[in-house]
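Note sheet for the following structure.
Residue numbers (my numbering): 17 to 222.
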């Protein structure tokens, strides 16, 4: 039985596809009518021996351990990747997407200064990616949320506050794995917006 992903392009599933692309893991598309997720949500991943993983962060960690053939805490780099994946889901998501009590997204918190994003910008001031050793699933997890903000709130301007984050977003969005997962139209759109920010043409509407 191959790795099988139950998902759709309009959900968070593409970030799982992006991760698999970067790790050179093949995913098969699952029949949504047979989705084993206990709450019927997506994405959900199945593997051999009855393995079933849900929640995007847990799926990324599973794919990383699958590619490494070791546990996610078996070395310094693997532990760092797992930590950033958890941070993206627990802390970055609610910053990027502000929700009503009913769970409806109404805006992004990236319009205002934020000490956590400032810290990420500082980290990226002397590092191309988040974890030493090059691009990793830590970047898939974190960059996906940042790039979703550009898709859903195209008037956003980030460069004046966090220039290193914008550079990082552009680096991640330019990868072949991102294009294969999200499509060339999405890639072209976000790269155009990010370039406009860098050139001073991405100012928010007043």
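Glycine included, C-beta positions come from ideal geometry on N, C-alpha and C.
Spatial neighbours of residue i in its chain, beta-carbon cut-off 8 angstroms, leaving aside the 5 residues before and after
i: residue 221; result: Because the pLDDT of residue 221 is 47, which lies under 50, any placement of that residue in the model is unreliable, and the question is left without a value.
i: residue 189; result: 159, 163, 203, 206, 207, 210
i: residue 140; result: 146, 180, 181, 183, 184
i: residue 109; result: 161
i: residue 10; result: Nothing about residue 10 can be read from this structure; the chain reaches only from 17 to 222.
According to DSSP, residues forming a beta bridge with residue i
i: residue 22; result: 60
i: residue 123; result: 114
i: residue 69; result: 61
i: residue 44; result: 20
Given residue i as reference, the closest of the options once Cα atoms are compared
i: residue 106; options: 157, 27, 53, 135; result: 157
i: residue 19; options: 38, 30, 43; result: 43
i: residue 149; options: 178, 169, 97, 195; result: 97
i: residue 194; options: 26, 27, 36; result: 36
i: residue 25; options: 201, 214, 212; result: 201
i: residue 113; options: 124, 57, 119, 103; result: 124
i: residue 103; options: 67, 133, 83, 91; result: 133
i: residue 47; options: 39, 40, 56; result: 56
i: residue 72; options: 101, 151, 166, 191; result: 101
i: residue 99; options: 119, 153, 166, 63; result: 153
i: residue 191; options: 38, 118, 94; result: 38
Alpha-carbon to alpha-carbon, residue j and residue i
i: residue 77; j: residue 22; result: 17 angstroms
i: residue 130; j: residue 74; result: 26 angstroms
i: residue 127; j: residue 177; result: 9 angstroms
i: residue 216; j: residue 169; result: 17 angstroms
i: residue 142; j: residue 65; result: 43 angstroms
i: residue 155; j: residue 186; result: 12 angstroms
i: residue 214; j: residue 175; result: 6 angstroms
i: residue 151; j: residue 49; result: 35 angstroms
i: residue 58; j: residue 137; result: 31 angstroms
i: residue 91; j: residue 67; result: 23 angstroms
i: residue 165; j: residue 31; result: 14 angstroms
i: residue 173; j: residue 167; result: 12 angstroms
i: residue 120; j: residue 199; result: 26 angstroms
i: residue 111; j: residue 63; result: 32 angstroms
i: residue 212; j: residue 135; result: 23 angstroms
Sequence-distant residues of its chain with Cβ nearer than 7 angstroms to residue i (five each side left out)
i: residue 116; result: 122
i: residue 45; result: 21
i: residue 41; result: 19, 79, 82, 83
i: residue 28; result: 59, 72
i: residue 144; result: 187
Residues near residue i by beta carbon distance below 6 angstroms, same chain, minus five either side
i: residue 33; result: 197
i: residue 51; result: 22, 60
Test: residue i CB closer than 8 angstroms to a CB of chain D
i: residue 126; result: Here chain D cannot be found, since the structure has a single protein chain.
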